[in-house]
Structures are given as C-alpha cells and as structure tokens.
Amino acid sequence: MYIKKILIYCLFSFCFFVSHGQNNNDWLIQYEEVYQKSISENKPILANFTGSDWCGWCKKLKKAVFDTEIFKKWAKENVILFELDYPRRSAQDPEIKIQNEQLRQTFQQYVRGYPTVLIFKVERTFGEDGKRDKDNIELYAGKLGYMPTPSSFIEKASNIIEANKK
Numbered sequence: 001m002y003i004k005k006i007l008i009y010c011l012f013s014f015c016f017f018v019s020h021g022q023n024n025n026d027w028l029i030q031y032e033e034v035y036q037k038s039i040s041e042n043k044p045i046l047a048n049f050t051g052s053d054w055c056g057w058c059k060k061l062k063k064a065v066f067d068t069e070i071f072k073k074w075a076k077e078n079v080i081l082f083e084l085d086y087p088r089r090s091a092q093d094p095e096i097k098i099q100n101e102q103l104r105q106t107f108q109q110y111v112r113g114y115p116t117v118l119i120f121k122v123e124r125t126f127g128e129d130g131k132r133d134k135d136n137i138e139l140y141a142g143k144l145g146y147m148p149t150p151s152s153f154i155e156k157a158s159n160i161i162e163a164n165k166k
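Numbering (our numbering), first residue to last: 1 to 166.
See below:
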C-alpha cells in the first residue's frame, strides 16, 4: 500500500511538472527559436517579461489579454510571442533561466517591473569568419504593461508596430 501511494504521488507530481512546464498557446521560450521564426516570418517579437507564479499583475494580464481568442488571433498574424519568465517558486530549465537573466540585463533600462512587454526586431551581424558577431536589437518605440482589455492592448501594440515599419 505504501509503495502504491508513492507511485501515485510520483505520477501526479510528474504530470503537474510536465503540464506546468509547457508553455501555453504559441508563446516560445527559447531565444534562438524566436529569432529564427521572427526572421522567417518577417514579424517583430513581442516579449513578455513576467513572474508567472508570483506577480499578480502578470496573472491579470495573462487572463485579461493573452488568454483571449481575439489576442491569440491578432498575435498569430502580427508578432512572434516570446515569454521570459522569472518564477520564484516554480522549477525552470537552467538554460532558460540563464538565457532569461541575460536578456533581462540586455533590456534592464526598460524592464523595471513586471509585467513588461516589449516589441522589437533583431538584426544579426556576422564576422569575416562567418560566425555570429552580435545581435543588434531594434527596440520599437514604446513598451506595454498591464492593460485591462485585449482591444486596448492590441490597439497600443499595433500602433507601436505600425510606427516602426520600414
């Protein structure tokens, strides 16, 4: 009976961590994948800096905007979604944690609280040897935070994107 309880507990824990670790919707979590998709689809990146397990405003933004069908439809047509999560209580892949911390430092002048949503494009430069030299990030004018409705968020994000089209 004791072993059966342990097995059930382990199975439940595994299911919880697998479902919790999966990124919902079309939010990507690996920078290189986001970059490649942004280039191939010629779309800007919408990066959501969030504290998914502790930030109340982040949870409200997710529920009020990101989980809605109108936002999902708009995002699919206009941007590449990139989630940069900074959890306090949840386990996170060590590589993603390092990546997110490096990106937080890159954007430190813009990310001063959570949630912060930035829209940007990346241009990669290469050295003479053909190896990547650096990523030049073109931050679109403006950043977004919590907004109570998908329509207000989409309107502001669309205005930012439109103002930066080349």
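Each residue gets a CB set at the ideal place from its N, CA and C atoms; glycine is no exception. The structure displayed is predicted, hence computed values, not measured ones.
Who are the Cβ neighbours of residue i in its own chain at under 7 Å, not counting the five residues just before and after it?
{"i": "Pro-148", "result": "Ala-64"}
{"i": "Lys-143", "result": "Tyr-110, Thr-116, Val-117, Leu-118"}
{"i": "Gln-22", "result": "Summary for Gln-22: the model assigns pLDDT 43, below 50, so the residue's position carries little reliability; its value from the coordinates is reported in the next sentence. So no residue of the chain qualifies."}
{"i": "Cys-58", "result": "Thr-50, Gly-51, Ser-52, Tyr-114, Pro-115"}
With a threshold of 16 other CB atoms inside 10 Å of the CB of residue i, please say whether the residue is buried or exposed.
{"i": "Asn-136", "result": "exposed"}
{"i": "Val-117", "result": "buried"}
{"i": "Glu-83", "result": "buried"}
{"i": "Asp-85", "result": "buried"}
{"i": "Ala-157", "result": "buried"}
{"i": "Pro-185", "result": "Here the chain has residues from 1 to 166 only, and residue 185 is not among them."}
{"i": "Lys-62", "result": "buried"}
Give me whichever residues DSSP pairs with residue i in a beta bridge.
{"i": "Asp-135", "result": "Arg-124"}
{"i": "Thr-68", "result": "Per DSSP, none; premise fails for Thr-68."}
Starting from the C-beta of residue i, find all residues in its chain whose C-beta is less than 6 Å away, skip the five residues before and the five after it, and write them out in chain order.
{"i": "Lys-121", "result": "Pro-44, Glu-138"}
{"i": "Val-79", "result": "Lys-43, Pro-44, Leu-46"}
{"i": "Trp-27", "result": "Leu-81, Glu-83"}
Whose C-beta lies closer than 8 Å to the C-beta of residue i among residues of the same chain, with five residues either side of it excluded?
{"i": "Arg-88", "result": "Gly-51, Asp-53, Trp-54"}
{"i": "Phe-49", "result": "Leu-84, Tyr-86, Arg-104, Phe-107, Val-111, Tyr-114, Pro-115, Thr-116, Val-117, Leu-118"}
{"i": "Ile-161", "result": "Pro-44, Asn-78, Val-79, Ile-119, Tyr-140"}
Just verifying my parser: in three-state terms, what is the DSSP assignment at residue i?
{"i": "Ile-98", "result": "helix"}
{"i": "Lys-165", "result": "coil"}
{"i": "Gly-113", "result": "coil"}
{"i": "Thr-106", "result": "helix"}
{"i": "Ala-47", "result": "strand"}
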